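Our numbering applies: residue 160 is where the sequence shown begins, and numbers increase by one.
Ideal Cβ positions, reconstructed from N, Cα and C, are used throughout, including at glycine.
Quick caveat, the model's predicted, so the values are computed rather than measured.
To start, the structure itself, in structure tokens.
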Amino acid sequence: MPDLPLPLSFRSEIIELIAESIRAGESCALVGVGSSGKSNIVRFLRDRADAREHHFGDSARRLLWLMIDCNALDSYDEAGLFTAMIDSLTRAVAARSDLGALTQTLDGLYRESASPGGARAFRNLHRAIETVRTAGDFQFAFVLDDCDKLIQVAPPSLLRRLRALRDEFKYKLVYITATRRELHRLRPHSPEFESFFEIVVARSFAIGPYGEADARFMLDRLAARLPTPRALDSLESRMLVQATGGHGGLLKAAFFASRAGERALDPDLIDVLINDSSVMDECRKIWESLEEEDHEGLAAAVAGKPIGGEARNALMAKGLTRERTDGTHALFCPVFEAYVNQKAGLAHPERSAGEASAQSKDAAPPKEPRLDIYQGSRLVRIGGKEVNMTRAEFEVLCALFEKRGRDVRREDLLERVLTAETYEPSGLGANVDKTLDRATLELKAKLEARGFAKPIIVSAGGGGYRMQEAVSPKGDSHFQK
């Protein structure tokens, strides 16, 4: 079933700012955390002629919206980007009946640029733009979508030439960058970077969560995709929007975690969501899109303290926090707040549904470090410090911890590792046995290096393994499924 078409009002608060910049002949930067919907905005304008007409009026016909998916670039050098820009222009021209005669010329320039070496890519891009410009009064909007990595590693000459191209076709050629992080955070400053940076960031727009109407529409769109569509009622939609704050990725993950909204009215909805790995993956995308000072600001917010420095304005601009009247800050949704609590080591007792821990009131103080495992977010903390683990290591840890003191069959461990390989391949291919043994060995080393008594993990019959019961003898562990 085809998707419900986005309404013309979709993200209008952001698109109007973009349109204003382009009408003025100025470039702009879109900045938003992972899964905030940056690509949805630029694709909406690429794919919908009626949307371009709605926002650009009579000038829409002269606007060439040219998207480059930077994740799909063959390389991050000049030849890679400039060839992709020619390709985007060629496709846009081929789709127009009034420019069809230019297709053969542009296709030839593309083929020459795509040949090994691509030494003439910039010259050919310049020729392609000039060819189209002379055919009419066109404006070229090159959208560099998901260009964080490109900005980080591009050679200085590439940035310098992007600026030169804009200066050559001033007001007729603009760039729209879409990144998770602010451009100035992506690479050290240099004259070449500054020359490109200054033409883009003067108009920088933060992409926050969806507004109420757009969020509800996106839920309706998800529901319409189901094999047996089920419309959400108004209250179900409202509860999912409130739980996720309208963040695009969280909204989608929560929709499926709540069984397509069927559990949206459950009293324990937040517990359901924070114990779902897909929901926690979206929280992690948000977290990893932020700077260290932003992390500190979020930790301050959940601790009831004011956020200071640049983080205060940055987090508010991205819609991740709002200021209370007392100067402290609230996070944009309870699901992400629970994730930040976990990262900051401030677990909420009321959020520990499914928690399993060994407890002994009369035991002496624990000698081994505290072990915290959050299965939904795949977070492990030992002695209050986060420990990085591969997905296979994490799955083995959970399986052994759940049955600590008892043998875990090799077949059961292999099943967990096989699941991990599906999401995060180890590079060992079909050799799942080898992956299991290596993951167990690495896990053992990480636990023992952080203070657990040796041997913390031992071999068991039939090729299985066992975690010693002593890992949590004093109740000083936390396991949240």
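A direct Cα-to-Cα measurement between Lys613 and Cys229 gives close to 48 Å. Burial state of Tyr369 is buried, judged by a 10 Å Cβ sphere holding 16 or more other Cβ atoms. In the structure shown, Leu385 adopts coil according to DSSP, grouped into three states. Taking 8 Å as the cut-off, the beta carbon of Leu321 is found no closer than this to the beta carbon of Phe299.
With fewer than 16 other Cβ atoms from the protein chains shown falling within 10 Å of its own Cβ, Tyr330 counts as exposed. The C-beta of Thr338 has 16 or more other C-beta atoms within 10 Å across all chains shown, which makes the residue buried.
In this structure, the alpha-carbon of Ala460 lies about 54 Å from that of Gly295. Ranked by Cα distance from Ser436, the first of Glu450, Ala278, Gln534, Asp430 is Gln534.
Closest by C-alpha distance to Phe611, out of Gly623, Glu527, Arg568, is Glu527. For Gln501, the enclosing alpha helix (DSSP H) starts and ends at 493-503.
The shortest C-alpha to C-alpha distance from Tyr498 to any of Asp304, Asn283, Asn434 is the one to Asn434. Between the region 475-483 and the region 365-382 there are three or more C-beta pairs closer than 8 Å, enough to call the two in contact. For His488, the uninterrupted beta strand (DSSP E) segment begins and ends at 488-490. From the listed residues Asp233, Ala251, Ser171, the smallest Cα separation to Phe215 is found for Ser171. Of the candidates Arg344, Val438, Ile466, Ile466 places its Cα closest to the Cα of Arg483. Judged by DSSP in its simplified three-state form, Tyr330 adopts coil rather than helix or strand. Asp209 and Arg362 have their C-alpha atoms spaced approximately 25 Å apart. Where Glu482 is concerned, the enclosing beta strand (DSSP E) starts and stops at 480-482.
Judged by beta-carbon spacing, Val400 lies beyond the 8 Å limit of Ser417, meaning their Cβ atoms are not closer than that value.
Cβ neighbours of Gly239 within its own chain (closer than 7 Å, five residues either side excluded): Leu232, Asp233. The DSSP-derived three-state label of Ala188 is strand.
Here Leu324 really is in contact with His285; their C-beta atoms are around 7 Å apart, less than 8 Å. Closest in alpha carbon position to Arg221, among Val252, Phe352, Glu237, is Val252. Close CB contacts of Glu341 within its chain, under the 6 Å cut and outside five residues either way in sequence, are with Val190 (chain order). With respect to Ser186, Ile310 sits apart: the two C-beta atoms are not nearer than 8 Å. Taken in chain order, the unbroken stretches of alpha helix (DSSP H) that lie wholly in the region 286-352 and span 4 residues or more are 307-312, 315-327. For the region 568-613, the continuous alpha helix (DSSP H) assignments of 4+ residues that do not extend past its boundaries occur at 569-582, 591-608, in sequence order. Here the C-alpha atom of Ala254 lies approximately 11 Å from the C-alpha atom of Ser247. When C-alpha distances from Asp304 are compared across Leu559, Glu601, Glu452, Leu204, the shortest belongs to Leu204.
Counting the other Cβ atoms within 10 Å of the Cβ of Glu570 gives fewer than 16, which makes it exposed. In the structure shown, the three-state DSSP call for Tyr269 is helix. For the region 355-426, the continuous beta strand (DSSP E) assignments of 3+ residues that do not extend past its boundaries occur at 363-365, in sequence order. For Asp228, the uninterrupted beta strand (DSSP E) segment begins and ends at 222-228. For Val539, the enclosing beta strand (DSSP E) covers residues 538-541. Inter-segment contact for the region 555-568 and the region 614-627 is present: three or more beta-carbon pairs are separated by less than 8 Å.
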